[in-house]
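This report concerns only the one structure given below.
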Amino acid sequence: MNLPNFIEAKKREKRDYKTVSYEIDESIKGKYAGKKYFLKTYGCQMNEHDSENIEAMLVDLGFSKVDDYLDCDLCILNTCSIRENAHNKAFGMLGRLKHLKNEKKDLIIGLCGCMAQEESVVEEIMRDYKFVNFVFGTHNLDRLPEILDVAVESNKQQIEVLEKESDLVEGIPVLRTNSYKAYVNIIYGCDKFCTYCIVPYTRGSERSRKKEDILKEVRELVNDGYKEVTLLGQNVNAYGKDLYDDYTLGDLLEEIALMNIPRIRFMTSHPWDFTDKMIEVIGKYPNIMPSVHLPVQSGSSRVLKLMGRRYTRESYLELFDKIKKIVPGVSISTDIIVGFPGETEEDFNETLSLCEYCKYDNAFTFIFSERKGTPACKLKDNTTIKEKEERLYKLNEVVNKYFLENNKKLEGSVLKVLVEGNSSKSNMYYGYSETNKLINFTSNKDITIGDIVDVKIVSAKTWSLDGELVE
Ligand code: 5AD
Ligand code: SF4
C-alpha cells in the first residue's frame, strides 16, 4: 500500500523525468462490459482533462457512462483540494454513496484527484470510509485499470498514492468531451509554493512534456478538425525550463500558431514567468487568442510578500500595462483572494484600487481558505469571517462594474464566435468570442456546433453579451 506524505512531497530535488508509454493489461480489456460508470469531477481544467483520460480507460475496460449516479455500478470522484468548499462537496457525495452502497452491495466506489494526495484525507478514508473500494493519486492516473481490477477481485480496499511524481506517461487514452475544442497538457505540477496553496503538494513539481509529444498531439487534433486547443498547466509560463536550455512557452506557442488551428488558448499564467517573447508572440499571431488569465491575488505588495508571490503591485502593473499595449484588444482576467491572514483594511483597499485601475474583463474572487500543511496556516489571522465576507462583497461590486462597462463597449461590434450549443426551444445559440466572452445569439438558419461565425452584439450584460448572427 502506498500512502501520500506531505513532508516527502515537499522535498524537491532536480531529477530527469523519463517519458514512458501507457500500458494496460490486455486481459482486463472489456472485462466489465455491461457495467455502468458515473464520474464526478470537481475543480479545475486539469481535473476535467484527467477525467477525459479516466473515461477512456473505463471504456477500455468495457464500462459505459450513465448521467445519474443512482444508476451506476462504478462511481469515481475526481476531487479537488484548492479550498475547503471543494473538499466538503466530495465528502458530502461520499455520504450519499454510503447510503447507495447499503442498497447496492456490489457498487464499486473510487476516489482520485488532488484530495487523494492529502495524507489526512487518505487516513480518514481508511478509517471511516471503508466502503470506498480504491484510491489513486494524481501521479498514477494511468494505473486506474489495474487498481480497479485488483480492488474488485480482492474485495479489499486498494490505496495507491505516490507521494512523489513518477515518470511522465504518454499515450493514456482520452475520450474528449467534444469534437471542436480540446485540452492539451503541456506542464504538470507547480514549484511556486505560494504560501496559501496546496497545489505544489498535490500535483508535484514542475515537469514539462516534451515538445515533440505536444506538437504531435496538436497536429492530430488539427487533422481531426478541432477548432481550438487550450494548453494546460498549473503554471504554463514555466514550460520548458526543466527540460530545455532555450525553449519556452513563447517558442511552443509560436510553433503551434504556425499549424493550421483557428484558436489557441493557454492557462494558467503566473506573472513571474511571463516573458517579453511570450507577449510578442501572443500579439503577433491572430490565432493565439487575445485573452490572458493573470492571477494577481492581492493589490498590496505587503500581502503579496506574505503570499510568496514573487512580484509587487508595481511590477504586476508594469506587466499588465505591457500586455495591454502589445496585444491589441486583449482581455485580461484574474484571481483574487480576500482575507489572507493579516490582510488589513488598508491592504484590502489596495486590492480595490488595483481593480479600479485594471478594469478586468473577468475575475474569480475567493475568501482565503486554510489548507492543512501550507505555510499560511501558521500566520496570525485577526479578521473575522464576517469582515472577510464584507470584503468579498465589496470586491465583487467593483469587479462586476467593470465587466459590464467593458462589455458595453462591444455593443454594435461584430465578434467571431465559436458555437458551443443551442437551446432546444428557440433559435438561440451560444459560444465564446476570441476574448473569451460568453455570447448568446439568435440565428434564423441552422448552425453547426463547432463552427466559427460572425455575431453582431446587440446588448451587454455583466457576464454575457446578446447578439444576432451576421449572415
Ligand atoms: N484559499 C482561497 N483561494 C485559493 N486559491 C488557491 N488556494 C487558495 C486558498 N487556500 C485560489 C487562487 C488561485 C485559484 C486557482 O484559487 O486565487 O489562483
Ligand atoms: Fe498555487 Fe501559486 Fe502554483 Fe498557482 S502558482 S498553483 S497559486 S502555488
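Per this note's numbering, the sequence shown starts with residue 332, numbered consecutively. We put the CB at the ideal spot given by N, CA and C, even for glycine.
For the putative contact between residue i and residue j, defined by C-beta atoms under 8 Å, what is the C-beta separation to the nearest angstrom?
i	j	result
THR766	SER629	Contact flag wrong, Cβ pair sits at about 25 Å.
THR773	LEU800	7 Å
PHE780	GLY752	According to the sequence provided, residue 780 is Ile. The question's Phe does not apply to it. Contact holds; Cβ gap of about 6 Å.
GLY468	GLN448	5 Å
ASP573	SER539	6 Å
LYS787	VAL745	5 Å
TYR527	ALA387	In fact, because the Cβ distance is near 34 Å, the residues do not count as touching under 8 Å.
PRO659	LYS711	Going by Cβ atoms, the distance from PRO659 to LYS711 rounds to 46 Å, so no, they are not a contact pair.
Closer than 7 Å to a non-hydrogen atom of ligand 4 - does that hold for the CB of residue i?
i	result
GLN448	Within the structure as shown, ligand 4 is missing, the only ligands being ligand 1 and ligand 2.
Answer yes or no: do residue i and residue j have a C-beta to C-beta separation smaller than 8 Å?
i	j	result
ILE385	LEU493	no
ILE610	PRO621	no
CYS411	GLY444	yes
ILE778	LEU796	no
ILE529	THR372	no
ASP381	LEU506	no
ILE478	GLU496	no
TYR557	LYS512	yes
PHE734	THR696	no
ASP678	ARG644	no
ASN566	ASP607	no
TYR570	ILE518	yes
ASP804	PRO504	The requested residue 804 does not occur in the structure, where the chain is confined to residues 332 to 802.
ILE311	PHE699	Residue 311 falls outside the range modelled here, since the chain spans only 332 to 802, and no answer is possible.
THR665	PRO626	yes
LYS523	HIS601	yes
HIS418	MET446	yes
GLY803	SER352	Outside the displayed range of the chain (332 to 802) lies residue 803, so it cannot be described from this structure.
ILE359	ASP480	yes
What residue range does the alpha helix (DSSP H) around residue i cover?
i	result
CYS689	676 to 689
GLN489	Note, GLN489: premise wrong, no alpha helix (DSSP H); beta strand (DSSP E) at 489 to 491.
TYR733	716 to 739
PHE422	415 to 434
ASP797	Not the alpha helix (DSSP H): ASP797 falls in the beta strand (DSSP E), residues 796 to 800.
ASP404	Unbroken run through ASP404: none, as it is neither H nor E.
GLU317	Residue 317 is absent from the structure shown; the chain starts at 332 and stops at 802.
ALA588	580 to 588
Can you tell me the Cα-Cα spacing of residue i and residue j, whole angstroms?
i	j	result
ARG596	LEU562	6 Å
SER510	LYS636	43 Å
LYS366	GLU484	15 Å
ASN738	ASP652	20 Å
THR508	GLU383	7 Å
THR350	ILE545	13 Å
GLY693	VAL729	A small fix is needed here, since residue 693 is Asn in this sequence, not Gly. Taking the straight line joining both Cα atoms gives about 11 Å.
MET332	ILE439	Legend: pLDDT at MET332 = 48, less than 50; position of this residue unreliable, value from coordinates given subsequently. C-alpha separation (whole angstroms): 19 Å.
ASN464	ASP437	10 Å
ASP785	TYR761	12 Å
ASN713	GLU357	58 Å
THR533	SER631	28 Å
CYS403	VAL500	29 Å
LYS362	TYR400	21 Å
TYR647	ARG640	10 Å
ALA588	LYS690	28 Å
VAL553	ARG414	36 Å
ALA482	GLU455	18 Å
HIS430	CYS406	13 Å
ASN775	ILE657	38 Å
VAL748	MET590	20 Å
GLU450	THR682	34 Å
GLU585	ILE654	17 Å
GLU559	MET598	13 Å
TYR348	GLU354	18 Å
GLU379	GLY564	12 Å
GLY520	ASN568	12 Å
GLU721	PRO531	30 Å
ASN727	SER790	22 Å
GLU676	TYR575	44 Å
PHE369	SER395	9 Å
ASN409	ASN486	21 Å
Quick check on the DSSP output: the beta strand (DSSP E) that includes residue i runs from which residue to which?
i	result
GLU559	559 to 563
LYS747	745 to 753
ALA569	First-last for ALA569: undefined, no H or E at that position.
LEU442	439 to 444
ASP762	What sits at residue 762 in the sequence shown is Gly, not Asp. Where GLY762 is concerned, the enclosing beta strand (DSSP E) stretches over 759 to 764.
THR350	350 to 352
LYS367	367 to 372
- Task: Give me every residue whose Cβ sits closer than 6 Å to any heavy atom of ligand 2, in chain order.
- Result: The answer, residue by residue, is CYS521, LYS523, PHE524, CYS525, CYS528, VAL530, PRO531, GLN565, ASN566, HIS601.
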